[in-house]
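These notes concern the structure reproduced below.
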Amino acid sequence: MNNQLPVSILPVPFDWGAGRRGAAAGPEAVLHAGVIRRLQQLGYRVQLRSEDCLPNTSADRRTAMQLKHWGRVLTINEAIAQEVRSIAAEGLFPLTIGGDHSIALGTIAGAAASRKRLGVIWIDAHGDLNTPETTPSGNIHGMSLAAAIGLGDSRFTGIGGYSPKLAPERIVLVGARELDDGEKKRIRELNITCFTMHEIDRYGMGHVMEEAIRIASADADGVHVSFDIDSVDPGEAPGTGTPVRGGLNYREAHLAMEMLHEAGVVTSADVVEVNPLLDNGQRTARLAVELIASLAGERIL
């Protein structure tokens with residue numbers, strides 16, 4: 050992010066891609082925690098996209114055992130893709146605030162519509178590389194990255210008609226520590242770079258992020274950052290629906306965002322899975338705002 054480029058915030062109050070309700074309240078919590086004011090203090094011009102641009106999916110009952118609530122997920126993500134594409138075409142930085150991680154189906158499709166060699170840095174405790182054939186839950190927020198590569202149900206691999214089909218060699222997972230068997234196999238088969246917490250412990254967050262940025266941006270015309278708040282240890286970020294012990298600590302999470310800003314390669318981002326219903330006060334929402342500020346260039350000194 051560069052403060053010469055105005056930011057357009059797209060709030061997506063949607064949580065039907067997850068197994069637990071509550072992340073739909075995440076955008077309001079992050080906005081209430083002061084994300085607009087924080088960005089303005091850093092010199093950004095900020096536009097708040099109205100939620101009215103997104104469809105009401107409450108009446109959609111289409112679902113399946115291995116693709117739960119697929120109708121709602123598909124409808125919302127087609128609209129997200131269109132909005133993100135429009136934001137980028139207007140010369141603004143698309144910052145989407147979720148919502149569960151199924152909304153990355155739309156954010157990546159919209160970003161990839163104008164960037165044919167998009168790299169992705171996926172900061173998450175999970176891989177989200179399942180398909181209907183491998184999913185243990187049927188929750189689509191665990192399939193969003195796989196669909197962006199072109200794997201899974203064809204309705205989701207071609208969201209918005211953009212068919213992003215990300216190149217696996219420009220995808221980097223950071224902070225993974227809970228991967229399903231099908232995801233492990235897919236990571237190995239596609240040779241996707243995955244820095245688990247083991248690599249972060251062993252080599253340090255600075256080295257991991259240097260490599261992540263190098264790999265995702267190689268021969269790319271932009272990098273999308275997808276930050277799931279459950280990448281952070283639940284001791285720091287309790288307000289999320291799929292917490293896993295042993296995650297990024299406070300400074301590791303900030304260092305990741307600071308280095309992404311310094312690299313100057315990030316062209317769009319989403320921050321997802323803040324669930325205020327599970328939070329301790331506004332602790333997780335405030336952390337999300339702080340991390341967005343670090344991505345936007347805020348420093349200690």
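Under our numbering, the first residue of the sequence shown carries the number 50, and numbering increases by one thereafter.
Don't be surprised by glycine CBs; every beta carbon is placed ideally from N, CA and C.
Bear in mind that the values here come from a model prediction, so they are computed numbers and not experimental data.
Unbroken beta strand (DSSP E) run spanning residue i, endpoints
| i | result |
| --- | --- |
| Trp-171 | 167-172 |
| Pro-143 | 142-147 |
| Thr-242 | 242-245 |
| Val-95 | 95-97 |
Residue i classed as buried or exposed, judged by whether at least 16 other C-beta atoms fall within 10 angstroms
| i | result |
| --- | --- |
| Ser-203 | exposed |
| Met-254 | buried |
| Pro-283 | buried |
| Pro-104 | exposed |
| Leu-258 | In the sequence on display, residue 258 carries Met and not Leu. Per the 10 Å Cβ criterion, buried. |
| Glu-311 | exposed |
Secondary structure of residue i, DSSP reduced to three states
| i | result |
| --- | --- |
| Val-323 | coil |
| Ile-198 | helix |
| Asn-318 | It should be pointed out that residue 318 corresponds to Ala in this sequence rather than to Asn. Note: Ala-318 maps to strand in three-state DSSP. |
| His-81 | helix |
| Val-293 | coil |
| His-175 | coil |
| Gly-255 | helix |
| Ser-275 | strand |
| Ile-349 | coil |
| Gly-224 | strand |
Own chain residues within Cβ distance below 6 Å of residue i, not counting five before or after
| i | result |
| --- | --- |
| Cys-102 | Glu-132 |
| Ile-264 | Val-221, Thr-242 |
| Thr-183 | Gly-231 |
| Leu-297 | Gly-224, Ser-280, Val-281 |
| Arg-98 | Ser-57, Leu-59 |
| Arg-219 | Gly-168, Ala-265, Ala-269 |
| Asn-324 | Gly-71, Ala-72, Gly-288, Thr-289, Gly-290 |
Pairwise C-alpha distance: residue j and residue i
| i | j | result |
| --- | --- | --- |
| Val-56 | Arg-86 | 12 Å |
| Arg-332 | Ala-286 | 7 Å |
| Leu-144 | Ala-261 | 20 Å |
| Ala-137 | Leu-167 | 13 Å |
| Pro-358 | Gly-313 | For residue 358 there is no data in the structure shown, the boundaries of the chain being 50 and 350. |
| Val-321 | Glu-307 | 18 Å |
| Ala-174 | Leu-88 | 26 Å |
| Ser-107 | Leu-336 | 30 Å |
Interface flag, residue i vs chain D, CB-CB below 8 Å
| i | result |
| --- | --- |
| Ile-264 | In the displayed structure, chain D is absent; only one protein chain is listed. |
Host alpha helix (DSSP H) of residue i (start-end)
| i | result |
| --- | --- |
| Ser-356 | Residue 356 lies beyond the stretch modelled for the chain, which goes from 50 to 350, so this question has no answer here. |
| Leu-309 | 299-312 |
| Pro-60 | Segment 56-61 is the beta strand (DSSP E) holding Pro-60; no alpha helix (DSSP H) there. |
| Thr-124 | 119-138 |
| Asp-230 | 230-239 |
| Ser-151 | Counting along the chain, Ser-151 falls outside any alpha helix (DSSP H), and DSSP gives it neither H nor E. |
Same chain only: Cβ atoms within 8 Å of residue i, ignoring 5 sequence neighbours per side
| i | result |
| --- | --- |
| Leu-239 | Ile-198, Pro-217 |
| Glu-139 | Ser-57 |
Contact set for residue i: own chain, Cβ-Cβ below 7 Å, skip 5 residues either direction
| i | result |
| --- | --- |
| Arg-70 | Asp-64 |
| Pro-185 | Asp-229 |
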